[in-house]
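Report on the structure given below.
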Amino acid sequence: MMRSQILIVDDEKSFVRSMAFALGEAGFRTRSAHTGEAALTMLADEPADLVLLDLRLPGMDGMDVLAEVTRLYPGLPVIMISAHGDTRAAVQAVKAGATDYLTKPFALDELLHIIHAVTDRTRMREELDYHRNRSANASGLVGSSQAMQNLWETVQRVAASSTGRVLLLGESGTGKAVVARAIHQQSPRSDGAFVEINCAALPEQLIEAELFGAEKGAYTGAHQKRAGLVSLAHGGTLFLDEIGELPLPLQAKFLHFLENGDYRAVGATVSHTADVRVVAATNRSLEEEVRAGRFREDLYFRLNVIELTIPPLRERGEDLQELLDRFIEAQAREEGCRPVTIPPETLERLQAYGWPGNVRELRNLVERLTILHPGQRIRPEQLPNEFHAGPGLITGSDTRPSVPASLEQQLEDTERQMIRQALNQTGGHKGKAAEQLGMSRHAFKRRLQRLGLLQT
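Its first residue numbered 1185, the sequence shown is counted upward by one per residue in my numbering.
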């Protein structure tokens, strides 16, 4: 194990020599500075694990040096050394960020005790941060931005809690499924199953059977008894993506399950119980859906025990490089080729983009670049057209996409355009258009109703 390095800052050269010798004998590496300016220069050249700082120094005094150290190197432990009559000033230094203080003259054992306590605390904090970051990465949550740190801390608290219902909000592509899985993996239920269902991907008549199971012959095509996802998730987590697409008749049955823990399979006469944590997600405002009569108010409140909002990519721009590295490495491994590289001029273009599709759009971009330009250094002109002009780009110091309408309105307009295009390409055949867009006919019909396109 590498020995900790201590920077001794004191203008008394004899004191510095004796401290350096004593600490060296105790197993530490030391460097010495006799002025505050020299100490800051040394820290800039080579980091230290701890600073032993005299309060009274020529030029910059110890308080000034402490202020610079805490500003430039947050978390670096500083032990202040004061003369006999400077105890009050030393206490003020602790309030200003110093880790501890000693008053001259002091015993070597007292100094070593404080140093060992400080270095042990620092080492424990670093190990905790390492395991926290490793755990976060293992759960798929990538990013060191404050927004992601706050989200990860909340995920851990929610996962460890006893609450059985969590509602995830966020724009499309922000990674709500990743957060749901992270909640499961960090919870006491992690040994149980994580079961996911997309409420928009199945026809209305099949969602109930998918959730609660069905007896043989309960409906056309039910040739044998089948277990539902609720049963499979017993002891684990049930994740309902696009909960806003859950049909109204089924909302009442699901509410009953949330309130009582029991359910009945389609065509069954006997009820069963299941212990599951329910995590639901939506990119729509359920409050607006409630006002429009498309979502039950009592179900909304029952689901919304803990609400988490996943930040869009444009609000966590400092995570872009980390996400790029992760996706580039994974995609190169999947394609069996050398990874692409993103030079500064291309990264600048990516950072200026508004990312309406969020993390999913970034991942898709990396997949496209890896397939089309394997192992190449990606030039800005090799990026798709949307990265060169248009409302997706961010201008000036604004960190949001400069769009004339609200984001929700823009997403609706885009969705409406995609649906019209699919209908045109299929000659107006709704079933084929739904299949082309990767959704069930029932979900496609609900979208037509919501967007005012049912007569299209």
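Positions of the beta carbon are idealized from the N, C-alpha and C atoms, including for glycine.
| Query | Result |
| --- | --- |
| Top-ranked residue by Cα proximity to Arg1410, from Glu1551, Ile1391, Glu1426, Phe1423 | Ile1391 |
| Helix, strand or coil at Glu1196 according to DSSP, with G and I counted as helix | coil |
| Ser1202 versus Pro1242 - alpha carbon distance | 20 angstroms |
| Those runs of the beta strand (DSSP E) which lie wholly inside the stretch 1376–1407 and span at least 3 residues | 1378–1382 |
| Span separating the alpha-carbon of Gly1541 from that of Gly1445 | 36 angstroms |
| Arg1563 versus Pro1527 - alpha carbon distance | 7 angstroms |
| Where Phe1511 falls: helix, strand or coil (DSSP) | helix |
| Backbone CA spacing between Gly1520 and Leu1567 [nearest angstrom] | 22 angstroms |
| Same chain, Cβ closer than 7 angstroms to Arg1373, neighbours up to 5 away in sequence not counted | Gly1419, Gly1420, Thr1421, Arg1461 |
| Entirely enclosed alpha helix (DSSP H) segments - the stretch 1218–1271, minimum 4 residues | 1220–1229, 1246–1256 |
| Cut-off 6 angstroms between Cβ atoms - residues of its own chain near Ala1464, not counting five sequence neighbours on either side | Leu1351, Leu1424, Ile1427, Leu1487 |
| Rounded distance between the beta-carbons of Ala1449 and Gly1412, thought under 8 angstroms | 6 angstroms |
| Cα-Cα separation between Glu1502 and Ser1329, rounded to whole angstroms | 6 angstroms |
| Beta-carbon proximity of Thr1303 to Ser1188, cut-off 8 angstroms | yes |
| 8 angstroms CB neighbourhood of Ser1198 in its chain, flanking five on each side removed | none |
| For Arg1305 and Phe1571, the rounded distance between their alpha carbons | 47 angstroms |
| Simplified DSSP assignment, three categories, for Ile1299 | helix |
| CA-to-CA distance, Arg1510 to Leu1692, given in whole angstroms | This structure does not reach residue 1692, given that the chain is present from 1185 up to 1640, and the question cannot be answered. |
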